[in-house]
Amino acid sequence: MSKAVDFDRKKLIQTAMDHIAGAYAPYSGFHVSAALLMSDGRVYTGVNVENASYPAGICAERNAIFHAIAQDKNAKLVAVAIVGGPNGDIKDYCAPCGVCRQVMREFGNPADIRVIMAKSTEDYKEMTLEELLPMSFGPEFLK
Ligand code: THU
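Using the numbering used here, read the sequence shown as starting at 596 and increasing by one per residue.
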């Protein structure tokens with residue numbers, strides 16, 4: 596069973612929305628922004644940053660997670676709010692890609708991590724990482 600987690604969803608979504616202008620996506624034109632809440636109470640943001648050598652680009656979620664972990668490698672991922680759309684125009688729920696789901700898996704219990712896919716602060720879908728990435732491979736397999 597997943598734990599009920601108490602935090603301000605609207606604030607986390609608003610933080611992601613506030614940063615979407617920072618996305619660098621000249622090739623796809625699809626702008627994404629993510630805001631993370633970590634277990635130490637800190638909030639980190641990230642945007643997608645593309646590259647002329649396409650695979651060298653990085654998703655918003657991983658950008659935010661790698662930054663958060665660089666500041667505190669023991670902090671766990673509590674929640675991530677994601678917004679995205681063509682030219683930053685948020686029309687649909689933006690789901691995290693498979694690679695980002697796997698990176699999230701490294702830094703918390705999948706049943707507890709909340710993934711919030713938002714169209715606005717009022718309109719969002721919330722799922723656990725376990726729902727988005729069932730029967731996953733994680734660090735405990737290597738102990
Ligand atoms: N993108 C993200 O930043 N996060 C996701 O979870 C989905 C995809 C980015 C990668 C690329 O810059 C653009 O969206 C189009 O795939």
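Glycine is no exception: its CB is placed at the ideal position from the N, C-alpha and C atoms. Everything numeric in this text was worked out from a predicted model, so none of it was measured.
Where do the ends of the alpha helix (DSSP H) carrying Gly-693 lie? 693-700
Under the assumption that Val-600 contacts Asp-684 (Cβ atoms under 8 Å), give the Cβ distance between them as a whole number of angstroms. Their Cβ separation, rounded to whole angstroms, is 30 Å, which puts Val-600 and Asp-684 out of contact at 8 Å.
Judging by CA-CA distance, which residue of Thr-716, Asp-603, Leu-737 and Ile-664 is the nearest neighbour of Val-678? Thr-716
Please report the residue range of the alpha helix (DSSP H) in which Arg-657 lies. 655-666
Just checking, does the stretch 730-738 make contact with the stretch 686-706 on the three C-beta pairs under 8 Å criterion? yes
First through last residue of the alpha helix (DSSP H) which encompasses Ala-611: 604-613
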